[in-house]
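Residue numbers (my numbering), protein chains in the order written: chain A, 499 to 1092; chain B, 84 to 282. Notes follow once the structure below has been shown.
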């Protein structure tokens, strides 16, 4: 622990907290349709968008209509993205001449990006054309994030209403979110990233002449490109000289800002923000990390303003922040411990970049999983078992320690409702939330919102373990760490995170399809549940708070909520976690290898 | 309702594809190519009119006359057949392969630097980087290699050590990130120091 590390941590959390009320108030204004300082420039653009998309922003929707808007837009996005990925070979802006994707990779990627998960079974610089990255993937990083925040805006709005059936207009929420919040922030953030070294060009990859060319061995091939086998049945090896290095560039800076701000996390390059061209310097790293937390932290404050209860929002904020900070501290501590397997070499720098070191790698890892971002600046697969458990825990709990843009807060609402329900039952009162009486409808949907993603994680994880070809052909590591790789993959898919224990070779039909389906369930189960709950609550009458009403702020409520979160997640995942990281930790201390 | 929502979804998707997927990246390209032309093109380094690499990407160096970068799981992005995509080893903490790699790296480094079997080796030189393209090593890892490079080039160790110290980048703004040395830049400076000494 050094002074400069502590300073970075304080500055990181301090700036995030300081920006929360500023950005949160601005976001609430945008969604209430009030004038902001950007209106003089952007209001005409907003009106123009409404005109070309035939939107009446004042037309109010029911919760089902709103849900249809979110779902159908995502389907349209996924289909069009699938089309682009399957035809990129014939589309423009493909200077490397990259081929079309396989159907299963295109399926997985299309859903992953339109559902804000941004899981990647591929390495962008070797697979995606500039067209696919910019006109395809990047657009859905904007749209999927905006859809999430729009849903949260509707949730907040509906909770404030009484005795009405409508919850707002999805297209207006989407347009305002993109125009006033995300596009300005993306432009703002891309400037320092470009200054620090992210490329922004459309030219082909330049070929550099290596300072020290070298010779390596490659399998000999015949005229048809088939490997030639020698008399012993092994491939014949011949010398090949390597004197060039292709430098993968592209319009990275403009792509990168939205990827970080909107909790997408789908990187331009295969190793995401560990790549020196995607995350060139410690300053770029700090700004990219700050971008992860800005909107997710602010959304809690925005929610508080929209429901008219800031005390409630700050209590939720405190719960989220404490659990986030706790996961970081455990990860940093565990990652700084010696590993008997690789002794005497210490610290564990496998899969870490020199410019970031252990602290910035674990802080990023905790941030990108507590918040549903899923970008990485180190390889989580190579973390120590208990350190790697922390990102996994953050994901499995359901991405609610601020969580994804929009979804972090509305997923937290499910836990709040369960907490309120349990507390109400304990003292024998009808549970209330924000002046609304809760019934079987709300409780049922809250459980759907929590257990839907959990089932979408554990069931395919178990199925994967039963498929011999998955076990023999896709794992990057053996022993308990192999189970961790599968569990992490399906956990992140079901919670739309997108980070990975990247040793898993996920680009096979089973994983691509199963992960894609887990992503779809993990996206729509919570959205449907949230809208169903608030749609019903908006139509109910508000009851005045009485002496017997349990307050939804303060220590008692905060601790109850924390208890509910931990108990629900532990009951669901403790057995799986035991068989993965916990067993591995014990075996590692004993020096066992696999 | 469904038909109307579908139509609006299509119109919205097209509208935002044009704004976020076409106009925004093109505007930013013009801006950044004007403001930061060096960075926008990939921080390319040319020596004598020849492109020799990117300041931000590691290259393979194996000769004794050069400082060596960290181990790479993707052969530093280059191969006889072209680009190798970025990648870490993704070996977990109980991986037998990791144990083998680390011990082999340490053994090779000790042999190349004429050190005894249990001599300490900087951790960043035995563990593979996250991207396989990490352009930096720690200052300790650079100092560790000074004697070998100096001997191979027939320079005094002091002169090489001074060059290393010149190339140590401290934490950015005094507190961000870790101290480091850019291997490619250091090696080019070495070549510049002793012209005509390239192998």
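Glycine included, every Cβ here is placed at the ideal spot set by N, Cα and C.
Starting from the beta carbon of residue i, find every residue of chain A whose beta carbon is closer than 8 Å, and list them in chain order.
i, result
"residue 236 of chain B", "Within chain A, no residue comes near residue 236 of chain B; the closest Cβ sits about 14 Å away, beyond 8 Å."
"residue 94 of chain B", "550, 551 and 552"
"residue 107 of chain B", "681, 684, 685 and 752"
For residue i versus residue j, is the C-beta distance shorter than 8 Å?
i, j, result
"residue 573 of chain A", "residue 1025 of chain A", "no"
"residue 178 of chain B", "residue 156 of chain B", "no"
"residue 763 of chain A", "residue 996 of chain A", "yes"
"residue 672 of chain A", "residue 644 of chain A", "yes"
"residue 930 of chain A", "residue 1041 of chain A", "yes"
"residue 141 of chain B", "residue 121 of chain B", "no"
"residue 911 of chain A", "residue 653 of chain A", "yes"
"residue 146 of chain B", "residue 137 of chain B", "no"
"residue 791 of chain A", "residue 885 of chain A", "no"
"residue 939 of chain A", "residue 1021 of chain A", "no"
"residue 894 of chain A", "residue 989 of chain A", "yes"
"residue 636 of chain A", "residue 104 of chain B", "yes"
"residue 793 of chain A", "residue 759 of chain A", "yes"
"residue 296 of chain B", "residue 665 of chain A", "This structure cannot settle anything about residue 296 of chain B, because the visible part of chain B is limited to 84 through 282."
"residue 1082 of chain A", "residue 977 of chain A", "yes"
"residue 691 of chain A", "residue 785 of chain A", "yes"
"residue 1060 of chain A", "residue 817 of chain A", "yes"
"residue 800 of chain A", "residue 667 of chain A", "no"
Run the CB neighbour count on residue i, radius 10 Å, all protein chains shown included, and call it buried at 16 or more, exposed below.
i, result
"residue 85 of chain B", "exposed"
"residue 231 of chain B", "buried"
"residue 276 of chain B", "exposed"
"residue 964 of chain A", "exposed"
"residue 564 of chain A", "buried"
"residue 749 of chain A", "buried"
"residue 1047 of chain A", "exposed"
"residue 833 of chain A", "buried"
"residue 1063 of chain A", "buried"
"residue 481 of chain A", "This structure gives no information on residue 481 of chain A, because the portion of chain A shown stretches from 499 to 1092."
"residue 734 of chain A", "exposed"
"residue 715 of chain A", "exposed"
"residue 197 of chain B", "exposed"
"residue 500 of chain A", "exposed"
"residue 869 of chain A", "buried"
"residue 508 of chain A", "exposed"
"residue 281 of chain B", "Low confidence applies to residue 281 of chain B: its pLDDT is 47, below 50, so where it sits in the model is not reliable, and the reading given next is rough at best. Under this definition residue 281 of chain B is an exposed residue."
"residue 1074 of chain A", "buried"
"residue 279 of chain B", "With a pLDDT of 46 at residue 279 of chain B, under the threshold of 50, the modelled position of this residue cannot be trusted; read the value that follows with caution. Classification of residue 279 of chain B: exposed, given that the 10 Å Cβ count is below 16."
"residue 761 of chain A", "buried"
"residue 503 of chain A", "buried"
"residue 889 of chain A", "buried"
"residue 616 of chain A", "buried"
Quick one: which chain B residues come within Cβ less than 7 Å of residue i?
i, result
"residue 1072 of chain A", "The contacting residues do not exist; residue 1072 of chain A stays about 21 Å from chain B at best."
"residue 712 of chain A", "143 and 145"
"residue 778 of chain A", "139"
"residue 1044 of chain A", "Neighbours of residue 1044 of chain A on chain B: none; closest Cβ ~40 Å, over 7 Å."
"residue 879 of chain A", "173 and 175"
Whose Cβ in chain A lies nearer than 7 Å to the Cβ of residue i?
i, result
"residue 133 of chain B", "707"
"residue 100 of chain B", "633 and 637"
Anything in chain B within Cβ reach of residue i, meaning under 8 Å, just list it in chain order.
i, result
"residue 669 of chain A", "91 and 95"
"residue 854 of chain A", "260 and 261"
"residue 700 of chain A", "112"
Assuming residue i and residue j form a contact by the criterion Cβ under 8 Å, report the distance between their Cβ atoms to the nearest whole angstrom.
i, j, result
"residue 604 of chain A", "residue 580 of chain A", "5 Å"
"residue 1016 of chain A", "residue 958 of chain A", "6 Å"
"residue 567 of chain A", "residue 641 of chain A", "12 Å between Cβ atoms; not a contact."
"residue 619 of chain A", "residue 1036 of chain A", "About 40 Å; that fails the 8 Å criterion."
"residue 609 of chain A", "residue 1032 of chain A", "So it is not a contact: roughly 25 Å between Cβ atoms."
For residue i, return the contacting residues in chain A, with the cut-off set at a CB-CB distance below 9 Å.
i, result
"residue 86 of chain B", "In chain order: nothing, as chain A lies at least about 10 Å away."
"residue 249 of chain B", "In chain order: nothing, as chain A lies at least about 18 Å away."
"residue 284 of chain B", "Because chain B is modelled from 84 through 282, residue 284 of chain B falls outside the range shown and cannot be assessed."
Under 7 Å (Cβ pairs) to chain B, residues found in the segment 563-588 of chain A: 563, 566, 567, 570, 571, 574, 575 and 578
Near-chain B residues of the segment 501-530 of chain A - C-beta to any C-beta below 9 Å: 501, 502, 503, 505, 506 and 509
Members of the segment 614-646 of chain A near chain B, C-beta cut-off 7 Å: 621, 623, 624, 632, 633, 636, 637, 640 and 641
Where the segment 206-221 of chain B meets chain A: residues whose CB sits under 7 Å from a CB there: 206, 207, 209, 210, 211, 212, 213, 214, 216, 217, 218, 219, 220 and 221
Can you pull out the residues from the segment 169-180 of chain B whose beta carbon lies closer than 7 Å to at least one beta carbon of chain A? 169, 170, 171, 172, 173, 174, 175, 176, 177, 178 and 179
Going along the segment 778-798 of chain A in order, which residues come within less than 7 Å of chain B, judged by CB to CB distance? 778, 779, 780, 781, 783 and 784
Residues of the segment 964-981 of chain A with a CB closer than 9 Å to any CB of chain B: list them in chain order, please. 974, 975, 976, 977, 978, 979 and 980
Against chain B, which members of the segment 804-829 of chain A pass a CB distance test of less than 7 Å? none
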